[in-house]
Structure formats: C-alpha cells, structure tokens
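Be aware that the first sequence starts at 34, since it is given in the numbering used here, and climbs by one per residue.
Ideal Cβ placement from N, Cα and C applies to all residues, glycine included.
Scroll down for the structure; my scribbles are underneath it.
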Amino acid sequence: MDIIKPRTLSGFMELLPDKQIRFEKLVQILRDTYASYGFAPLDTPAIEDAQILLAKGGGETEKQIYRFTKGDSDLALRFDLTVPLAKYVALHCNELAFPFRRFQISKVYRGERAQRGRFREFYQADIDIIGDGKLDILNEAEIPAIIYKVFRGFGLSRFQIRVNNRKILSGFYDMLGLGDKSGDIMRTVDKLDKIGADKVKLILLEDCGLTEAQADEILRFIAIRGTNGEVLSALEGYLGKNELFDTGVAELKAVTANLAAFGVPEENFAVDLTIARGLDYYTGTVYETTLLDHPEIGSVCSGGRYDNLAGYYIEKQLPGVGISIGLTRLFYVLDEQDLLNPALPSAPADALVLPMTDDMAPAISLAETLRSFGLRVQLYGEQKKFKQKMAYANKLQVPFAVLLGEDEIAQGLCSLKNMATGEQQLLTPQEAAKVILDAVNADIPVILEK
RNA sequence: GUGGGUAUGGCCUAGUUGGCUAAGGCGUCAGAUUGUGGCUCUGAAGAUCGUGGGUUCGAGUCCCAUUACCCACCCCA
C-alpha cells in the first residue's frame with residue numbers, strides 16, 4: 034500500500050499539546066475579560082454564501098478569499114469576523130438589544146502567500162459594540178480599557194495603546210485641499226515608523242502627487258509628539274479652520290478624558306497622530322497596540338470606529354467600534370521570541386494517578402476523589418513497567434504523580450510525588466488534593482516579560 | 001499577484017574540484033536500573049538525498065523541468 038506523506042499546509046498553524054494548552058490559556062483570558070465587560074459570545078459559520086462575504090467588493094478581499102462551489106451553491110470561507118457580524122446584525126436587528134456588544138474568537142481564512150507570522154488560517158479575537166443610529170463616544174473610550182485589561186491579564190505591563198482619530202487627519206488634509214487623496218495619504222503616513230520620514234515624503238510626492246509644501250506640512254503635523262496633554266494642546270492651534278477636524282479633536286479629548294476612571298495608566302496609552310490604519314472603513318477613533326520591548330512585532334491589536342456596519346445588507350445606519358487581536362500571529366511571535374512563560378502549566382493534567390496493583394478499583398476511586406476537588410486528573414491504566422509509567426508522567430510534564438500500591442491502599446493513603454522536586458510524601462487523598470490545588474492555583478502569567 | 005532563495009532519516013545539519021556501505025547531533029525504541037522519571041553509558045531501528053528527465057564510466061554534488069517550502073514586496077491580524 035502506498036503511504037501518503039503527512040504534512041500540514043503552509044500558512045496553517047498546528048501545535049503540540051503543551052503549546053496548544055498555552056494557546057488555550059490566552060483564549061480563556063480573552064473570553065473572561067471580554068465577558069467581564071458585558072460582551073456576549075457569538076459564533077457564526079466559517080462558510081457563508083459568497084455573495085454575502087463579497088458584498089463589500091474591493092480588490093484585496095476578492096483576491097484573497099477562499100471561494101468554491103458545491104452543487105449550485107457559491108460558497109466562501111470567512112476572511113474576517115466583521116463581515117459575518119454585519120450580516121448577523123442585519124439579520125437579527127429586530128431581536129437584538131442595542132448597543133449590541135459581542136465578542137467572537139474564531140478562525141478566519143485568507144488565501145494569500147504565507148510568510149513568517151502571516152497565516153492562511155488564523156484566529157481573530159474581536160469585540161465590537163454596535164449602536165442603532167447613534168453610539169456614544171464613551172464606548173470608544175471603553176475599548177482601550179478592555180485592551181489594557183487583556184494585556185495585563187496576559188502578564189504584560191510594557192505595552193502601549195496608541196490612539197488617533199481619522200477625522201483629525203481627514204480634516205487636516207481638507208485644510209490642505211487634499212480631501213480626495215486622504216486614503217492614500219493615510220496609508221502612507223501609517224508607515225512612518227517602518228520606513229522613516231524621508232521615504233514617506235518621497236511616496237507622498239511621487240505616488241500621491243502632493244506638492245513639496247503639502248508634503249512638508251503633513252510631515253510637520255505628524256511629527257507632533259509628547260504627552261497626551263502636549264499633543265492635544267498642539268492640536269488646539271489648528272482649531273477653527275475645518276469642522277471635521279474640530280469634531281475629531283473633541284472626540285479624541287473625550288476618549289482620553291475618562292481613561293483614568295477606567296483604570297488605564299498614562300504610560301500604557303498614547304495619542305499618536307501617525308496612527309491611521311490602512312483600512313478605509315474607519316471613520317473616527319483608531320487604535321493600535323504595540324509591545325514596547327518588541328516593536329518589531331508591530332501592532333498586536335488594532336481597530337477603530339466605523340459609521341455604517343451593515344449598509345450592504347440593510348438600510349439601517351448601524352455605527353460601531355471594535356478591535357481585533359490577531360491571536361495566531363501574537364502567539365506565534367511570542368513563542369518564537371521565547372516570551373511564553375515556561376513556568377506556566379502546559380500539561381493536560383494536574384496529576385497522573387499511577388496504580389501499581391492489578392485491582393484498578395482503588396486507583397479509579399482515588400482519581401475520582403481528586404477530580405471532585407476540581408483537579409484535572411489522568412488515570413494511567415497501561416500495563417507497563419513502573420519506570421515507563423514515570424517516564425510518561427515526566428514527558429507529559431504533569432506537576433504531580435500519585436502512586437497507589439499495596440502499602441498505600443492498606444493504610445488508606447497515597448504517595449504524592451512532586452515531579453519537579455522529586456519530593457514524595459504519604460498523604461490522605463484529601464490532603465494530596467489540597468497540596469496539588471495550592472500549586473495549581475498559583476497565579477502564573479502567560480507571557481514572561483524580558 | 002511581482003521578485004529572490006532553499007529542498008539530505010520524525011527534527012536540525014555535514015557532505016570538498018562529481019568517486020567505495022551518505023556522516024553527526026536531537027528525538028524514538030531497548031538495556032544497564034523488577035515500586036521511582038529527568039542525568040550518564042551501551043546498543044538498535046530509521047534516508048529510493050523533494051519529483052521527473054539529462055550530462056557522465058560514475059550524480060546528494062553539474063544542467064533542464066516540475067512541485068513544495070522560505071524570504072522580500074503588495075496587503076494585512
């Protein structure tokens with residue numbers, strides 16, 4: 034028989050159990066944090082009617098979407114979570130309570146060239162708040178608070194949530210008479226950190242067709258830096274010339290005003306006029322989050338305010354604000370840079386029960402007793418040499434092995450062995466459960482800051 | 001989509017101007033050690049050198065094609 038060589042497609046991430054357990058830990062933190070802000074979980078189909086997913090049209094989506102037919106159906110795999118959300122909200126808008134707050138952590142698919150940290154199948158962890166007709170600016174201020182909580186939950190403190198407002202940029206370009214080119218300009222300016230001011234200027238002059246004076250004016254504007262207060266007061270100087278610009282400044286002020294009340298420290302938040310986001314559907318506040326010690330990773334979480342979520346499906350005006358964390362990429366980079374905390378439990382069980390008698394009944398009931406304390410317990414029932422049982426425990430990296438032989442059973446006790454230290458003690462099942470619980474419940478961050 | 005590079009046991013690599021049974025490390029399995037894992041030592045299994053063709057007495061090595069993968073750009077998370 035011919036053997037088919039097993040392989041995983043390029044651009045698809047497949048993890049070994051210990052890594053998968055760490056990955057799931059991140060997912061758990063995201064779920065808990067999102068839920069704690071009153072976001073409802075949402076799951077939508079991975080496959081949708083191609084027409085639905087391609088409603089927005091646009092070159093990149095069309096090129097990258099996985100599309101196929103089954104019978105007469107024209108189908109496609111979702112390439113983000115926002116379009117399915119738009120369909121969902123449009124479909125159920127009469128049953129939903131607005132503002133509608135949902136989180137979704139799901140895989141999305143993009144048929145593009147895979148690269149380091151760029152996947153064809155990857156997890157996005159999205160939250161969005163959708164309003165009916167209107168949505169208060171307070172929601173835009175809450176988003177950074179949630180991002181802050183998530184990253185703190187991961188164990189990080191050296192990160193910065195950078196915020197800007199597209200109305201400020203658009204209004205500013207209007208002042209220069211460049212309103213029609215604002216999309217191209219934003220995409221270019223967004224790359225400032227990556228390619229530098231000189232190159233940005235070159236692209237503005239050559240590709241966007243700006244005059245020398247216009248380009249200089251833009252570069253001077255985005256060079257405004259400093260504390261949040263300093264940047265905001267520098268913006269004051271431009272007020273009164275353009276209505277859109279003035280609105281943007283007011284919104285930015287509103288977003289920054291309540292940060293302290295939300296518990297976001299000043300050092301984790303920065304007004305940054307270079308942030309634009311390439312996507313053109315953002316209309317107001319935009320967010321980007323970077324790890325201060327790893328700027329090369331780029332943005333690990335981004336999003337913003339949009340004015341009309343579901344315009345392709347219904348007449349209703351549904352404004353919203355949302356962010357997306359590229360979980361797969363984040364995890365990949367963290368792992369690659371060795372930032373995942375090795376102390377974080379990565380075993381599928383907290384304890385492995387090793388029976389050493391032919392009669393399995395005492396071991397079975399011991400395992401059940403330990404489980405009743407909320408522990409994850411595996412019973413090892415294979416008829417192997419004791420040494421091999423220990424080697425298995427070692428390979429799984431379980432923190433504890435619980436040995437149960439004739440002697441222990443006779444005394445109604447079990448031997449609890451700490452696999453890391455090698456220490457072993459004779460305990461009652463209840464005492465053993467407490468020792469394991471104490472070790473398991475220690476608060477260990479997922480990410481180790483270096 | 002555009003441009004460049006790589007391909008050798010499960011993984012990482014060595015392999016000289018083309019020349020004997022393709023070398024090493026990690027991992028796997030067995031034993032030293034029969035109720036105690038990791039460390040050490042000993043041994044074993046495991047490769048039609050991505051695939052197809054060509055040049056040659058002889059190809060892992062040179063040439064052509066092809067496929068896959070990697071990197072950069074584009075775009076993004």
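Between Y181 and the set G166, D279 and A303, the nearest pair of CA atoms involves A303. Closest option to E348, judged by alpha-carbon separation, among L429, I37, K120 and T66: K120. Its chain contains T307 and P328 as the residues whose beta carbon lies nearer than 8 Å to that of D226, once the 5 sequence neighbours on both sides are disregarded; these appear in chain order.
Under a 10 Å Cβ-count criterion, Q421 is classified as exposed, with fewer than 16 other Cβ atoms of the shown protein chains found around its own Cβ. In this structure the segment 428–438 lies against the segment 447–458, because at least three pairs of beta carbons, one per stretch, are closer than 8 Å.
By the beta-carbon neighbour count (other beta carbons within 10 angstroms, threshold 16), F254 is buried.
Residue pairing by DSSP puts A73 in a beta bridge opposite R135.
With contacts defined by Cβ atoms closer than 8 Å, L342 and V333 do not form a contacting pair. When DSSP reads this structure, C447 sits in a beta bridge with L460. Exposure of A293 is indicated by the presence of fewer than 16 other C-beta atoms within 10 angstroms of its C-beta.
When Cβ pairs closer than 8 Å are counted between the two stretches, the segment 81–88 is seen not to touch the segment 174–193, the count staying below three. Here K483 carries a coil assignment [DSSP, helix/strand/coil].
In this structure, Y320 sits near I194, with a CB-CB distance shorter than 8 Å. Between K234 and Y339, the alpha-carbon positions lie close to 28 Å from each other.
Contact annotation: I201 and V282 have beta-carbon atoms nearer than 8 Å. Around the beta carbon of K58, 16 or more other beta carbons lie within 10 angstroms, which makes this residue buried.
Within the same chain, and ignoring the five residues on either side of I477 in sequence, the residues whose Cβ sits closer than 7 Å to its Cβ are N374, A376 and L377. The beta carbon of E456 is closer than 8 Å to those of K450 in its chain, skipping five residues each way along the sequence.
In chain order, V141 place their CB closer than 6 Å to the CB of D113, counting only its own chain and leaving out the 5 sequence neighbours on each side. The C-alpha of A256 lies about 11 Å from the C-alpha of G229. Counting along the chain, the unbroken beta strand (DSSP E) around Q411 starts and ends at V410 to L412. Residue pairing of S357 in beta bridges, as defined by DSSP: D159 and S335. When DSSP states are grouped into helix, strand and coil, K103 belongs to the strand group. Assignment of A453 by DSSP, reduced to helix, strand and coil, places it in the coil class. Between V479 and R55 the beta-carbon gap is near 7 Å, inside 8 Å, which marks them as a contact. Around the Cβ of D161, a 10 Å sphere holds 16 or more other Cβ atoms; the residue is buried. By the Cβ rule, the segment 95–102 does not count as touching the segment 62–69, because fewer than three pairs are nearer than 8 Å. Sequence-distant Cβ neighbours of S335 in its own chain, meaning closer than 8 Å and more than five residues away, are R310, V319, Y320, E321, T322, I356 and S357.
Nearest to L387 by C-alpha distance, out of A380, A400, L277 and G212, is A400. Checking the DSSP bridge columns, you'll see P388 partnered with L437. Annotation for G150: R362, Y365 and V366 place their beta carbon closer than 7 Å to its own, counting only its chain and skipping 5 residues before and after. A466 and L437 have their C-alpha atoms spaced approximately 14 Å apart. In the structure shown, T318 adopts extended strand secondary structure according to DSSP, grouped into three states. The beta carbons of L412 and I397 sit about 7 Å from each other, so the pair counts as a contact at 8 Å.
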